[in-house]
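Report on the structure given below.
Numbering (the working numbering), first residue to last: 1353 to 1719.
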């Protein structure tokens, strides 16, 4: 097959979840199905910055993707065009596949700004109309498409995300100790959460639950994310609730080569989100052997599986109870630590995801 992959969402200085998916999809497909030809397509708005993905399988051709007239730049035949972001060309007599990361703007519209919500809802509807096959990361996502947008189940397939097991694992003890020392976390148990600060990620709720859980004084709360005014708001909440300032750590974005160690060193990881299409950090933590407490919203129950504790993020007592239970029970944490890596290795790698996606491309190209 000759596969065109729209990697426009990967052309960014810092990859978010969509960009990470796109880059790992390309690398995974080249590994597991090298017999196919892959073309990396980039839209005009990012074409001049294509050097940002110069190291993404440099042997693959880069081509300009236009909404019309794409055959002039992409060539032919095109057996399948795969959209990484929420966008597909308006024309083309070839099958179009898209990975839809979530539809939180329909499920929980109150979590997004009105202008963004209207724009995003319009783009999702447009993309769904153009797609021959839609990939969701969870069964919950597939069900939500049917419930909120009346998408027929036969047009949707579920392919979970994956991780790099060589990267996300417990590092050697010397490396782990060095990272914890650099972050002033040596010999201190801590609860970790990493991500963009915002209403959907619910760091405010996590701070409130951490205080309500009344963990022993040696426990710290570490919130990795961008340095901006949200940190001041989080610290104001902590101060108002009586949390000692030094117990809330905000190290900024964690370096990629330090993240696995920071995860592995945590007493447990918390995903407090009010909505997630998948929740990749939950899998990353499990792969590192770190117990997880996760919100029971959207796809997170599936992603968590039996390797952590689930809680209602809108119920402070339930949220705080999950934190207390994990902090107070070393035997439970040890059991969850053993389960996590086995579960991830069995079903949540980028190669698993790539192979399943290639199989779907073959299916849709033959239909």
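Just so it is clear, CB atoms sit at the ideal spot from N, CA and C, and this is done for glycine as well.
Just so you know, these numbers come straight off a predicted model, no measurement behind them.
Reduced DSSP category for residue i - H, G, I as helix; E, B as strand; rest coil
i, result
"residue 1700", "coil"
"residue 1647", "strand"
"residue 1549", "coil"
"residue 1415", "strand"
"residue 1364", "coil"
"residue 1543", "strand"
"residue 1640", "coil"
"residue 1562", "helix"
"residue 1409", "coil"
"residue 1606", "coil"
"residue 1446", "coil"
"residue 1460", "coil"
"residue 1630", "coil"
"residue 1584", "helix"
"residue 1387", "coil"
"residue 1556", "helix"
"residue 1693", "helix"
"residue 1438", "coil"
"residue 1495", "helix"
"residue 1526", "helix"
Anticipated Cβ contact below 8 Å, residue i with residue j, distance rounded
i, j, result
"residue 1658", "residue 1694", "No, residue 1658 and residue 1694 are not in contact; Cβ-Cβ is about 11 Å, not under 8 Å."
"residue 1358", "residue 1433", "7 Å"
"residue 1489", "residue 1513", "6 Å"
"residue 1479", "residue 1510", "In fact, because the Cβ distance is near 18 Å, the residues do not count as touching under 8 Å."
"residue 1394", "residue 1416", "7 Å"
"residue 1642", "residue 1616", "6 Å"
"residue 1553", "residue 1639", "Residue 1553 to residue 1639, Cβ: 21 Å. No contact."
"residue 1517", "residue 1540", "That pair is no contact at about 28 Å."
"residue 1620", "residue 1678", "5 Å"
Beta-bridge partners of residue i, as assigned by DSSP
i, result
"residue 1432", "1355"
"residue 1661", "1645"
"residue 1401", "According to DSSP, residue 1401 bridges with nothing at all."
"residue 1392", "1357 and 1414"
"residue 1488", "1452 and 1510"
"residue 1601", "1574"
"residue 1521", "Note: residue 1521 sits in no beta bridge, so no partner."
"residue 1623", "1646"
"residue 1370", "According to DSSP, which records beta bridges pairwise, residue 1370 is partnered with nothing at all."
"residue 1515", "1701"
Alpha-carbon to alpha-carbon, residue j and residue i
i, j, result
"residue 1601", "residue 1574", "5 Å"
"residue 1495", "residue 1505", "8 Å"
"residue 1606", "residue 1373", "19 Å"
"residue 1410", "residue 1381", "14 Å"
"residue 1637", "residue 1544", "10 Å"
"residue 1305", "residue 1716", "Residue 1305 is absent from the model: the chain starts at 1353 and stops at 1719."
"residue 1462", "residue 1520", "34 Å"
"residue 1484", "residue 1701", "26 Å"
"residue 1522", "residue 1542", "16 Å"
"residue 1611", "residue 1367", "14 Å"
"residue 1709", "residue 1673", "39 Å"
"residue 1707", "residue 1383", "9 Å"
"residue 1535", "residue 1406", "32 Å"
"residue 1569", "residue 1356", "54 Å"
"residue 1551", "residue 1646", "16 Å"
"residue 1559", "residue 1590", "6 Å"
"residue 1524", "residue 1644", "21 Å"
"residue 1627", "residue 1438", "18 Å"
"residue 1440", "residue 1473", "15 Å"
"residue 1446", "residue 1419", "14 Å"
"residue 1598", "residue 1397", "44 Å"
"residue 1385", "residue 1705", "12 Å"
"residue 1531", "residue 1685", "22 Å"
"residue 1442", "residue 1475", "12 Å"
"residue 1390", "residue 1503", "29 Å"
"residue 1581", "residue 1719", "51 Å"
"residue 1375", "residue 1482", "23 Å"
"residue 1486", "residue 1448", "9 Å"
"residue 1669", "residue 1622", "16 Å"
"residue 1711", "residue 1471", "32 Å"
Residue i burial status per 10 Å Cβ neighbour count (16 or more: buried)
i, result
"residue 1593", "exposed"
"residue 1401", "exposed"
"residue 1555", "buried"
"residue 1361", "buried"
"residue 1655", "buried"
"residue 1649", "buried"
"residue 1689", "buried"
"residue 1538", "exposed"
"residue 1713", "buried"
"residue 1596", "exposed"
"residue 1454", "buried"
"residue 1576", "buried"
"residue 1665", "buried"
Residue i CB to nearest heavy atom of the ligand SAH below 7 Å
i, result
"residue 1522", "With respect to the ligand SAH, the structure shown offers nothing to examine, as it has no ligands at all."
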